[in-house]
Each structure stands twice: as structure tokens, then as C-alpha cells.
Amino acid sequence: MRIPLVYNLRNLAARKVSTVLTALGIGLVSWVFIFTLALAGGFQSALQSTGSRSNAIVIRNGSTAELTSIIARDAAAAIESQPEIARAPDGTPLATHELVVLWNLERKNGTEANVVVRGVTAKSLALRPKVRLVQGRMFRPGLEEVVVGKLANARIAHCSVGDRIKLAGRQWAIVGVFDAGGTSFDSEIWGDVELFMPVFDRPVYQSVTFRLDEPAHFGAIQKRLEADPRMSVQVKHEDEFYAAQSATLATLLRGLGLFVTLIMALGAVFGALNTMYAAVGSRTKEIGTLLALGFSRGAILTSFLIESVLLATLGGLLGCLLALPVNGMTTSTMNFASFSEIAFRFQVTPLMLLYGMLFAAVMGALGGFFPSRNAARRVIVEALRQV
Amino acid sequence: MKYFRLIVANLMRAKRRTFLTVFSIAVALFLFCTLRTVITSFEASLRASQATRLVVRHAASLVFPLPLAYRERLAQVPGVTGITYGNWFGGYYQDPKNHFAQFAMDVPTMLDLFPETVLPPDQAQAFRSERTACIIGRALAKKYGWKIGDQIPIVGTIFPGEWRFNVRGIYEGKTRDVDENTLFFHWDFLNESLPEGRRSQVGIYWLRIGSPDLAAAVSHRVDAIFENSPQPTKTETEKAFQAGFISMIGNVQLLLTIIGSAIVFAIMLVTINTMMMAARERTTEIAVLKTLGFSDGLILRLVAGEALLVSLLGGILGCGLAALVFHQLDFTGGGFFPNFRVLPATVLTGLLLAAVMGILSGIGPAIAAARLRIASALRKVA
């Protein structure tokens, strides 16, 4: 026969301070676990979601980032005339050639950041459906106007609509703010590529991006362009290109998170062991009574184990509650592939919360097992005799 | 402390609990030291920077080069006693994941301006006299098993193609904070290999000044010269330059501090719980001690002392383990933390933290024990 669950619940309620302290301890551990997952997840999704599977990006052969790439004007024209490129409604190819520079700007907190300044064309927006203006208007080609991503707007000084920002010795009016849906474009400043080229003294583009008419045509166009003697380029799926940029740092963040939480879990299991041993020790008489009543040793083992897991799950729940406000918090770091500032939001997903709960439950089970076995092995007479 | 033995005896009675508590505290402090060392290893470049060196770069960002022609004008600025220059090469070895720093440097002046990179004279001579020679840091040589005489192929991402360099020297840092994970080669070799349009461009100039007091004045003078040119400069001390670089890594320090605090706090809660349970079990015992004539103050010190001892044991174990492990392993985190070692200051902070944890977790039970009324405590058990 099983020992009713109510017995465990009442036991936890009877020792309120001890229950709360242990649950809070375990809760904080699962909070740290969720926190590091959300950090790595947010960073990776910012870069991964930046690229689209139906787009391809062309950069110079050997470059690992747009910044170190060079695509000459005539090469860009040759790329954009490929037949596999999708067409805009007006019949022109759905392709854009862009200029990328890093500019040292001041953050609102006074420190400095390398901000990506991107020269774009009219097609750039059509290729990136996630990007939409949320404030002001688009810049007008040929004028000294720029639009800024919403995270650049929030974190960089003088980046609000109506402000002026100094780039390459000229004053640029900020005329709009765009929302790029959590992608790395959110940290960028965009202006007219044809105006940027002479102003920034850059006679070449950094990349060409285009939409494929058929995803299956990627192989053909990649092969043709990479073999083209007029240029030395590499063609990549846009999503893979950006995902590769995040790989190093995301792996590092995940590794750090795993390292911290695993060792931390060890400490928490020690704590849970302590609590449960004490719980078993102070209830020796109760255990003797249960045995005398005819409950099997298995039932007692199960009951104490359930109590421990219950306590830990309570902690896990607490950890999840504490982790909820973390969702959406903005932070920034350097994208090591391009040395540019990339701001991103913490992402707490239901799956991460589930992992956090499971993590807590496992800690409870590990911390409860030995004390529970200890309880189940008591000899009735000795247990009842003990004071 | 004649009651020390009593405290130890108390701890030894519940061996399992003492062991578990000491270890959970040790785990927390081990993690604290690790996270703290991540931050201090980021800052190693700050500690290694020289107060008498200035860094000159393009005002916009490091991506934009400065003309080689600036060299003569910079050398003539009053207060400048030496100059060298170089370019960030930005290549990789075999796989883009194998990233370490490579700099193309003006070799004769570089060895003069960076006295903290120590190179035996014969190796320095060999490096100077061969166009395709390079020198590598000791840690880098160890990581890839490179020896003097090896040829290292590096794939350029900024300067395309495969570049081959002959290892002619392995340098060591004068102090432990000096980075030993860099490859230096000849700027002239890079420059001559480039197409006409990309030649004579310099990424960074380093200036040596007579005294640290001149830093502000010289920086100002340099920037004033080029202020209205197409390539304006930004000049700052090496330390400020490195600090700017670290600040770009962003809120990592804050995030690590948050995680570290949560860990220490969590373990503290667990320890408080353990101490409370330990005290509760010994209610009778404490009443007996009081009957024997132990004063309230002494009981308070005994219980608090026990908590403090447990915490400090955990602290010593955790911090000591961290210092030892990372020293033995030569941990570099995949090249991200070239100077990963636990500083004495970190260990000290950890021990202090352990003491605070001990006092905070012991104070509640200690006060409760001191306030215990003998009669009611003895009655409770019967």
C-alpha cells in the first residue's frame, strides 16, 4: 500500500522555514540554469534569424564576415544578372549590393561601441521582410539621412528621430527607426549605399544578397559564381552565413552555462542531501510507526523520495517564476566574427522552463535517494525506541 | 581558543552533514573564483599595458587604415621618443575556428617598443633578417606544437590567400599578464605582397613617450595635426585603448556577477538551513551546557564559531581547488581566455565571502541558542 501524498505535503508544511530555504536554494540553481540558456539562446537566435533560407549572400572568397569582404562594382553587376534570381513585380532582379563599415560611436552610458553602418538599396527592404519602419520615415536616396535599428536607437547616444549623427565628417539626420524583429540588423544604422561609397571613400561593396527564384537552384548558381574567373567569391545560404558567425560565442556561452550549472547542481544536491537526512533523522519515530502499521519498506522509500522531488519541484517552480522577468531583457556583446556591437534580448522559451523544472526534479531525486533508502532500512524496534 | 576542540568535536559528531556542508560551500566558492577569473583574464591586457605607450588609430574605427606617410610626422611630435606600426592580419590556421591574433609589424622598431615581449638575441636576429620570418608566443607554440624552423600556413580573411611564415623565434612575456598567443611577422612582407592600391596602409601606430605625464599632451598634439585631414586620428594610452576594447565585449561582467551572486546566495540559504537543523537537534545539549554554567555569550560564540569554521573550510577547499586546477590545466577556453589564472585577490575575496556566509548562516541559530531557556529546553524532549 502507498503512503498518501498528503503525508508528504503536510510534512513540508510543518517545517516551513526549512522547506522555503531549501526550495529557494534549489530554485536559484535552476534560475541560473535557465538564465544561461536564455542568454545563449537569445544571442544565437539574433544572428540565426537574421538570415533567410530563401536568400543567398555573396562575399569574397576567404572572408568570414562581410566586413573583410570586397565585391567590385562589375562583379556585383555580374552576380545580379544571374537567371536564378527572383524578380521584383517590376521585373528587376530581387538583389541588393551593400556597403558595410564599422563606426566607433558612444553608447548612452558613455562607453564606446563599434556600430555597423550599412549602405543599402531600395531592394534591401524587400529582401528582408522582417525589417519594418516603426517610427519616422525611410531615408531619401542621395540625401544625408539615415534610419537606425531599434536597439541602436535604444543604446547608442544621439540615435533618436530628429537627432544628427556625425559619420565620415558629415552630419546625418536620423529620420526613422526600424524594427528588424530581433535580428542583428536591429543594432545597425542604414543609409543610401551610392551616397555612402564616396563619403566613406570605399569604391567597392562588401556583399551582394539576392532571393532565389527556386530554393533548389542554389547549387547551380553557387557553382557558376564560384567558378567565374571574373571574381573570387563564395556563395552561402544567408541563414547559414549568420549562424556560422554566432557559432563560436554561442558555444562558449553554452559551455560556460553548462559548466556552471553542473558544478552548481553538485552543490545543490549536497544541500538537498543534508536537508533530507535531517528530515529522516528527526522523523525516526514516525518511520518506526509507519513500519509497525504495515507499510512496506518500498512504500517508505517511495514516499520520502516523492517528498524530496516535491520539494525540489517547488524550488524549480520558483526558479521559473524568477526567470520570467529575464525574458526580453536587452544586453549587448561583441560579435567576434566582425568585431561589431550586437545587441540582443534574452529569450526564455517554454522548453527552457521545462528543462529548469526537470533539472530541479533530478536534483531532488538525487538528493533524496540516499536519505530515503536510509529511512526504509530502519529496524522497527530500534526506531520506536529512539527518543 | 580553548573551546576549539569542543567545536571540532561537535563537527566530527555529524561527519556526513559537516562533509556535505563543507563541500557545497566549496562548490559555490569554486564557481565564484572561476567566474571572477573570467573577468580578470579579460582585464589581463589592461595590467600588461604600458603607461608610456600611446596607440594611434583612425578616428572612425580600426577598420580604416592610416597612411604610412603619417610615420614621419608622428615621429616628430614633441614628446615622442619612439614609434612602431603594424596591421591586424585577421587570418586563421587551417580552420576558421582556430583564431588567434596575428600582427604584421615593422620588426626593427617593434622589438624596441615592446620590451615586455622577451626574445633571445639570436632569435631576434634571425627574425629581423628574414622577410618571411615570424615569431610566436610560447602559449601559442605549445597549443599547436610549433617549433622553431616550422612553416605555418595562415589563411588571410582580410588579405586573401594562403600566407606561409617561418618560425624563427618563440617569445615569452616579461610578466604573466603579457599575451603569449600572438604571431608577429614582417609588415614589409605583407605590404610588398599586396596589390598597388592597398599598399602603404597602417592599422595602428604605437608611440613611446618619455614619461606617463606627457600622455594627454602628446595625444592632443597628434590628433590636432590630423584633425582636418581625410584620415583623422584618435590617440589614447594603451590602457584606454584596451579598456575600450573590453567595454565592447559588453555586459559580460555584469552577467557573470549576477550569476556568481545567485550561486553564492543559493548556497548560503542551504547552509543557513543546515545550521538551523544542526542547532535544533542539539537543543538538549545546549541546555545541559548552560546548566553546567556556560554563559549565554559563550554559547553564542560556540555555535557561531562552528558555522564560521565550516564555511572557512569550504572556502579554503573551493578557492584552493580553483587556483590549483586552472593552474595545472593551462585552461584557455578555446583561446578566449589566454591568461586564465586565479589571482591572489580573487582567492582573498572568496575567503572573505566564505567568512561572511559563515557568520550570516551561524548568527540566527547562535542567537537562538544563547536565548534558550534551560527549563523549557530540557522539558521539550521528554
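Those sequence lines, one after another, are chains A and B.
Under the working numbering, the first residue of the first sequence carries the number 1, and numbering increases by one thereafter.
Under the working numbering, the first residue of the second sequence carries the number 1001, and numbering increases by one thereafter.
Even for Gly, the Cβ is constructed at its ideal location relative to N, Cα and C.
Rounded to whole angstroms, leucine 351 of chain A and glycine 41 of chain A show a C-alpha spacing of 11 Å. For glutamine 1076 of chain B, no alpha helix (DSSP H) segment is defined, and its DSSP state is neither H nor E. Checking the DSSP bridge columns, you'll see glutamate 226 of chain A has no partner listed. Proximity of chain A to isoleucine 1363 of chain B at the Cβ level (cut-off 7 Å) is not reached, the minimal Cβ distance being about 15 Å. Residues of chain A with a Cβ closer than 7 Å to the Cβ of threonine 1157 of chain B are, in chain order, Gly62, Ser63, Thr64, Thr68. Taking 8 Å as the cut-off, the Cβ atoms of leucine 94 of chain A and phenylalanine 210 of chain A count as close.
For serine 1311 of chain B, the CB contacts under 6 Å within the same chain, skipping 5 residues up- and downstream, are Ile1025, Ala1354, Met1357, Gly1358 in chain order. A distance below 8 Å separates the beta carbons of glutamate 98 of chain A and valine 120 of chain A. The beta-carbon separation of valine 235 of chain A and isoleucine 70 of chain A, rounded to 15 Å, does not stay under the 8 Å limit for a contact. For glutamine 1151 of chain B, the pairing in a beta bridge is given by DSSP as B/Asn1166.
In the same chain as valine 32 of chain A, and ignoring 5 residues on each side of it, the C-beta atoms closer than 7 Å to its own belong to Val260, Thr261, Met264, in chain order. Using a CB distance cut-off of 8 Å, phenylalanine 304 of chain A does not count as an interface residue toward chain B. For arginine 170 of chain A, the secondary structure class from DSSP, reduced to helix, strand or coil, is strand.
In this structure, DSSP gives aspartate 90 of chain A a state outside helix and strand, which the three-state scheme calls coil. Of A/Ala180, A/Gly25, A/Ser187, A/Met329, the smallest CA-CA separation from glycine 315 of chain A is found for A/Gly25. Per the Cβ contact rule, the region 55-66 of chain A is not in contact with the region 1004-1013 of chain B (fewer than 3 Cβ pairs under 8 Å).
The contact set of phenylalanine 359 of chain A on chain B, defined by CB atoms closer than 8 Å, is empty, because the minimum CB distance reaches about 13 Å. Shown here, histidine 1186 of chain B sits in a strand according to DSSP, grouped into three states. Using a 10 angstroms sphere on the CB of glycine 1145 of chain B, the tally of other CB atoms stays under 16, which defines it as exposed. At least one CB atom of chain B sits nearer than 8 Å to the CB of leucine 39 of chain A. Residue environment for asparagine 1228 of chain B: exposed (fewer than 16 other C-beta atoms within 10 angstroms of its C-beta). For the C-beta of phenylalanine 1265 of chain B, the chain A residues within less than 8 Å are, from N- to C-terminus, Leu28. Look at proline 1096 of chain B: its C-beta is under 8 Å from a C-beta on chain A.
Looking at the DSSP output, methionine 334 of chain A bridges to A/Glu341. DSSP places threonine 1274 of chain B in the helix class (H, G or I) of the three-state scheme. Segment contact: the region 180-189 of chain A against the region 329-348 of chain A, three or more CB-CB distances shorter than 8 Å; contact assigned.
Along the region 1024-1042 of chain B, going in chain order, the ones with a CB nearer than 9 Å to a CB of chain A are Ser1024, Ile1025, Ala1026, Val1027, Ala1028, Phe1030, Leu1031, Thr1034, Leu1035, Val1038. Contacts between threonine 275 of chain A and chain B, judged by CB atoms closer than 7 Å, involve Asn1273 in chain order. The region 1082-1091 of chain B makes no contact with the region 1218-1232 of chain B: fewer than 3 CB pairs, one atom from each, lie closer than 8 Å. In the DSSP annotation of this structure, methionine 1105 of chain B is not part of any alpha helix (DSSP H); the continuous beta strand (DSSP E) holding it starts and ends at 1101-1105. Contact annotation, alanine 361 of chain A with valine 280 of chain A: C-beta distance approximately 20 Å; criterion of less than 8 Å not satisfied. With the criterion set as a beta carbon lying under 7 Å from some beta carbon of chain B, the members of the region 91-109 of chain A are Val101, Leu102, Trp103, Asn104, in sequence order. Around the beta carbon of arginine 345 of chain A, 16 or more other beta carbons lie within 10 angstroms, which makes this residue buried. Counting only runs of 3+ residues, the beta strand (DSSP E) found wholly inside the region 45-116 of chain A occupies 55-60, 95-106, in chain order. Straight-line spacing of the CA atoms in tyrosine 1171 of chain B and glutamate 194 of chain A works out to 47 Å.
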